[in-house]
Each structure stands twice: as structure tokens, then as C-alpha cells.
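Note sheet for the following structure.
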Amino acid sequence: MAKLLVTGGAGFIGANFVHHWLRTYPGERVVVLDALTYAGNLANLEAAKGRSELRFEPGDIRDTALVERLLREELIDTIVHFAAESHVDRSIHGPDAFIETNVQGTHSMLKAARTVWLKERTVSSHRFHHVSTDEVYGSLGPDDPAFTEQTRYAPNSPYSASKAASDHLVRAYHHTYGLNTTISNCSNNYGPFHFPEKLIPLMIVNLLHGRALPIYGDGRNVRDWLHVSDHCRGIERVLQRGKPGEVYNIGGGAESENLTLVRTLCAVADAAFRERTDLAARFPAAPAARGEPSASLIHFVQDRPGHDRRYAIDCTKAERELGYQAEVTLAQGLRETFTWYLDHEWWWRAVMDGSYQRWIDTHYR
Ligand code: NAD
Ligand code: DAU
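Numbering that gives the first Met the number 0 puts the last residue of the sequence shown at 364; the count rises by one with no breaks.
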């Protein structure tokens, strides 16, 4: 039985992973360490409240002594490291937090793991799994082959540069000290608990309120969309079958231009308003409440500085070596995600406490 320390487990992917693990391995200990920044929310773990396997520890990954204490106290043998500053736009306006959390924070986690696992030998086997991003590989042209694990690192934003630096530190701790590490680099996740500053949840919340849907630049940038449940299963496979020191790409095999994606989401919303009679009363400002197309809200805005044009993931290695396969199609995932936001209005209203909206207003409106 594994004993997990999940950093960033109150964030979007971390919380989905905690729920996945508790469902799949009831009885296994899961300790969540999370600083509850603007992106972390205990509401994301509400459904697991009261589970005796779960311990929530508020705290910062840069607090090496705290991490060491948790590793010793709980005899943790597996770290799944999600905690990070994750939003590219924020990294453009304020890079410091990204260096502090993503680089120094990851280094703090590695130092604690080295002390407790390699020097004190509290457990007989261990694994440090680092969750990273396809953005470390840079930007692709329209006909370039998808990113493989051999693609040269070429990060373009302060966010992706900080993640690249953290990947290199993880690699170095494996090669230099023999820490048992794995890294996964994945594409754009979407699904439940996605904070409404990222493209898909922002568009959902805006269209329900009849607000403009801001498309950066010409809207032709391409992302490879990965349902968060597929990502969680991918990480599970890496933990179980991944080899020490190895890197695995995890993708959804669902490339889409942003404009196409947003138009699809608008069509999903329009269909939902036609089918569910309660929606017009709940969201009277939505164009769909008047039988008008949600896509009428699409609005082109100034491009993101240094905006990467295209990401695409080749996950042949994960398929071959881990038996990983994405299961959720983009069409199905978008429908389910839209429905989740309709059914969890309390959640997104609670996380959008005003500070987020002020930040958006200052920088983008
Ligand atoms: P998120 O922003 O939703 O959540 C990050 C979590 O980390 C929050 O709960 C936050 O409170 C916590 N955190 C931040 N700083 C901390 C600190 N110093 N100490 C402790 N906790 C701290 O992020 P996410 O989208 O869930 O991403 C999780 C990980 O996956 C990140 O490492 C990110 O780089 C990576 N990733 C995300 C995506 C994506 O599409 N969202 C894709 C590829 C990789
Ligand atoms: O590729 C993996 C990465 O995906 C992760 O490492 C990041 O943590 C995650 O935030 C995500 O980064 P992106 O920058 O790709 O995601 P975002 O949702 O911010 O934007 C997706 C695309 O949509 C991107 O091309 C920018 C565009 N966009 C975004 C927003 C928020 C818009 O056109 N309008 C918007 O309002």
C-alpha cells in the first residue's frame, strides 16, 4: 500500500487526482500539502471530507522542515508534486511568484526527500513524481511533429521557464543523488474544478453571464486538450509502471484551434439551453436564454505576449511502456464539463471571490 504526499492537492488537477486515488485505492493514506493560494480551494476536496485516509496540511512547499516532518511522521513513500503557480498570463505580469514556488519550491521538496528517504532511510522504496507541462518544449509550427520526450527544451514564458528549471532539478537529483524520480509532461487539462481564469471555464462562466468571450490574437493558436480524468489515470500508470529517472509525455490526442474550441463550447451551451428549461431562468443574461447563439459573444482581444502558437503531444512512449490511453473524447469532455459547471454553480461562484475579477479587469479589459 502506497502512502502518498500530494502537493497542490487543493488545486485543479491535484484535487481531481486525490478523488481518483481515494476512489481507486480506498484505505490508502493520502496527505495533501497545499498553501491555499488563490488557485487552491478546500471546496475542491469537499466530497472527500471525513475520509479517514485523507489528511489536509496547510503549508508551503518551500518550508523544507515541514515537508521533512510530514515524510517522517506519515512514513510517506510516494510524493506526487503538483503544487505550482500555473497560469501563463499571471507569469507574464508577475514572474517572481513562479520562480519562488515552481523553482525554489520544487527544490525544497527534493531536498526534503533526499534527507528523509536517502539519508535517514525511513522507507524501503520511494518515488518522487513531478508533474510538468508540454510548454517546456516551446512552440510548434503547423506541420511540425508533436513533442516527444526527446524534444529539446525551449520554454517561452516565465511560467514554462520555471517549470523547465524544476524539471532539470528533478533530473539532477536522480542523476546525482540517486533519488527515484519520474516526470510527466502533459498538455492542456480541462474538467471539474478548473479555475475560471483558464480558457474553458472562463468561457463557460462568461457565456452564462452574457459577458464577452475574449479570444487572444487571431484565435488560431492550437492546444492539445486532455481531460483531467485521463491525466490522473496517466499519473497512476507512471507511479505503478514508470522507470526511475524516466520522463513520460501524457496527452489527449485532441488538437484544436482556440476559436474552434470556443465555438464548439458555445454550441454545447446553446443545445443545453434548448434542452433544459430551467437554464433561461437561472442565467437570464446568457444569449442562449433568448434563443440567440452564445457565439455572438466572441470578441477578439490583444494577443498574449510571446503567445505559443501550437502544442501537440506524442504519447507513444506512455502508450507502449505504461499502457496509457486517453479515453475521453474532446466532444464528450466538453459536454460533461459544461454540465459540471451548470451543476456546480455554488463552486465557481465561491472561488470567484472578486479578487480574480479585479485582476482580470486590471490587465485585460
Ligand atoms: P492550480 O493552479 O489549479 O493549482 C495549484 C495548487 O498548488 C493550488 O492548490 C495552490 O494552492 C497550490 N500551491 C501553489 N503554491 C504553493 C506553495 N508554495 N506551497 C504549497 N501549495 C502551493 O494548478 P493545476 O492546473 O492543477 O496544475 C497542477 C500542476 O500541473 C502544476 O504543476 C502545473 O504546472 C501542471 N500542469 C498543469 C496543466 C493544466 O492544464 N492545468 C497542464 C500541464 C501541467
Ligand atoms: O499546455 C499545458 C499548459 O496549459 C499548462 O502547463 C498550464 O498550467 C495551463 O494553464 C495551460 O496553459 P495555456 O496558456 O495553454 O492555457 P490557457 O487556458 O491560459 O489558454 C489556452 C489558450 O487559450 C491559449 O492559447 C491562450 C488562449 N486564451 C486564454 C484565455 C484565458 C484566450 O484566447 N483567451 C483567454 O481569455
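Positions of the beta carbon are idealized from the N, C-alpha and C atoms, including for glycine.
- Cβ-Cβ distances below 6 Å link L278 to F272 in the same chain, with the five nearest sequence neighbours on each side left out; the list follows chain order.
- Distance from the CA of C314 to the CA of R170, rounded to the nearest whole angstrom, comes to 20 Å.
- With a beta-carbon spacing of about 5 Å, W224 and G251 fall inside the 8 Å limit used to define contacts.
- Apart from the 5 residues on each side of it in sequence, L201 sits with its Cβ closer than 6 Å to the Cβ of P195 in its chain, given in chain order.
- In the same chain as T147, and ignoring 5 residues on each side of it, the C-beta atoms closer than 8 Å to its own belong to N248, D313, T315, K316, in chain order.
- Looking at the DSSP output, I98 bridges to nothing.
- Its chain contains R236, R240 as the residues whose beta carbon lies nearer than 6 Å to that of L321, once the 5 sequence neighbours on both sides are disregarded; these appear in chain order.
- Distance check between G216 and each of V5, R308, H106 places R308 closest, using alpha-carbon atoms only.
- F81 has its CB nearer than 6 Å to a heavy atom of the ligand NAD.
- DSSP, reduced to helix, strand and coil, places C185 within a strand of the structure shown.
- Among the bridge pairs identified by DSSP, D33 is matched with P57.
- Leaving aside the five residues that flank A38 on each side, the residues in its chain whose CB is nearer than 6 Å to its CB run, in chain order, G10, F194.
- Taken from the Cβ of S124, every heavy atom of the ligand NAD lies 6 Å or farther away.
- According to the DSSP secondary-structure assignment, L212 is paired through a beta bridge with I297.
- Distance from the CA of A112 to the CA of G8, rounded to the nearest whole angstrom, comes to 18 Å.
- Looking at N184, G233, G218, the one whose alpha-carbon comes closest to that of V327 is G233.
- Beyond the five residues adjoining it in sequence on each side, E99 comes within less than 8 Å, by CB distance, of R61 in the same chain, given in chain order.
- Cβ neighbours of E67 within its own chain (closer than 7 Å, five residues either side excluded): A111, T114, V115.
- As for any alpha helix (DSSP H) of minimum length 4 sitting wholly inside the stretch 199-260, the runs are 227-240, ordered along the chain.
- For I12, the uninterrupted alpha helix (DSSP H) segment begins and ends at 11-23.
- For C265, the distance from the CB to the nearest heavy atom of the ligand NAD is not below 6 Å.
- Sorting I214, E73, H174 by C-alpha distance to the C-alpha of H298 places I214 at the top.
- Boundaries of the beta strand (DSSP E) around F127: 126-132.
- Where L341 is concerned, the enclosing alpha helix (DSSP H) starts and stops at 329-342.
- Counted as a single uninterrupted DSSP element, the beta strand (DSSP E) harbouring I78 occupies residues 77-80.
- 7 Å or more divides the Cβ of V135 from the Cβ of D76.
- Contact annotation: K48 and R28 have beta-carbon atoms that are not nearer than 7 Å.
- For H230 and R126, the gap between their C-alpha atoms comes out near 18 Å.
- By the beta-carbon neighbour count (other beta carbons within 10 angstroms, threshold 16), H174 is exposed.
- Leaving aside the five residues that flank A349 on each side, the residues in its chain whose CB is nearer than 7 Å to its CB run, in chain order, A42.
- Shown here, L74 sits in coil according to DSSP, grouped into three states, outside any helix or strand.
- T180 sits in a strand when the DSSP states are folded into three classes.
- With 16 or more other CB atoms across the displayed protein chains lying within 10 angstroms of its CB, V246 is buried.
- Only residues of its own chain outside the window of five on either side were considered, and among them V87, S90, F97 have a CB closer than 6 Å to the CB of Y158, listed in chain order.
- Between L206 and S295, the C-beta gap is not smaller than 7 Å, which leaves the two residues out of contact.
- Here F282 carries a coil assignment [DSSP, helix/strand/coil].
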